[in-house]
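See structure below.
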Amino acid sequence: MHYLGNKLTFDEIIWIIKKNRNFEDAISAGEAFLNMPGLNLVDINQDLLALSMNIMKRYKTSPRDSIHAATAITQKANIIISEDSDFDKIKKLKRKSIIDFKMH
Numbered sequence: 001m002h003y004l005g006n007k008l009t010f011d012e013i014i015w016i017i018k019k020n021r022n023f024e025d026a027i028s029a030g031e032a033f034l035n036m037p038g039l040n041l042v043d044i045n046q047d048l049l050a051l052s053m054n055i056m057k058r059y060k061t062s063p064r065d066s067i068h069a070a071t072a073i074t075q076k077a078n079i080i081i082s083e084d085s086d087f088d089k090i091k092k093l094k095r096k097s098i099i100d101f102k103m104h
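The numbers in UniProt numbering rise by one with no breaks, and the one at position 94 of the sequence shown is 94.
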């Protein structure tokens, strides 16, 4: 299986786990993310940011969500794993919850 993300994905994983659990669990999750087989970390470049601006304007999403959506769209990924229902507005993406993802 192939997975993709960007540097913000790494940041958000660590931040949310540290916020909801503890620092040690956050570090473990960050290491697991970086060592995940099939992981492709996409660079955030000017073209990706331009697309994220268009997504932000069209769907009224946050800058971070727009960057994640732009990353998925540019890499032709049609599924995004998130608990954030804002991604449901973006027609080119289908959102799955982390629970649904873990079951498959």
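All C-beta atoms, glycine included, are put in the ideal place defined by N, C-alpha and C. Treat the numbers as computed from the prediction; the structure is a model and nothing was measured.
field: Among Phe-87, Glu-83, Lys-92 and Ile-90, the one whose alpha carbon lies nearest that of Ile-98
entry: Residue numbering aside, residue 98 sits at position 98 when the sequence shown is read from its first letter. Closest by alpha carbon: Glu-83.
task: Check whether the Cβ of Ala-70 lies closer than 9 Å to any Cβ atom in chain B.
output: Absent from the structure: chain B. Only one protein chain is present.
task: Could you tell me which uninterrupted alpha helix (DSSP H) segments, each at least 4 residues in length, are contained entirely in the UniProt domain "PIN" (7-92), listed from first to last along the chain?
output: 7-20, 23-34, 46-59 and 63-74
field: Cα-Cα separation between Thr-74 and Ile-27, rounded to whole angstroms
entry: As a working mapping, residue 74 is identified with position 74 in the sequence shown. As a working mapping, residue 27 is identified with position 27 in the sequence shown. Their Cα atoms are separated by approximately 29 Å.
query: Roughly how many angstroms lie between the CA atoms of Asn-6 and Thr-71, to the nearest whole one?
result: For the purposes of this step, residue 6 is taken as the residue at position 6 of the sequence shown. For the purposes of this step, residue 71 is taken as the residue at position 71 of the sequence shown. Distance between the alpha carbons of Asn-6 and Thr-71: 7 Å.
query: Excluding the five sequence neighbours on either side, which residues of its own chain have a C-beta within less than 7 Å of the C-beta of Ile-90, listed in chain order?
result: The residue given as residue 90 occupies position 90 in the sequence shown. If you ignore the 5 residues before and after Ile-90, its C-beta comes within less than 7 Å of the C-beta of Ile-55, Tyr-59 and Ala-69, all in its own chain and listed in chain order.
message: For Leu-41, which residues in the same chain have their Cβ closer than 8 Å to its Cβ, ignoring the five residues on either side in sequence?
response: Residue 41 sits at position 41 when you count from the first residue of the sequence shown. The answer, listed in chain order, is Leu-4, Gly-5, Asn-6, Lys-7, Thr-9 and Phe-10.
field: Cα-Cα separation between Leu-49 and Asp-88, rounded to whole angstroms
entry: For this step, residue 49 is matched to residue 49 along the sequence shown. For this step, residue 88 is matched to residue 88 along the sequence shown. Their Cα atoms are separated by approximately 20 Å.
message: Residues in the same chain with beta-carbon distance under 6 Å from Arg-95, minus the five sequence neighbours each way, listed in chain order, please.
response: If you number the sequence shown from 1, residue 95 lands on position 95. Hits under 6 Å: Ile-80, Ser-82, Phe-87 and Asp-88.
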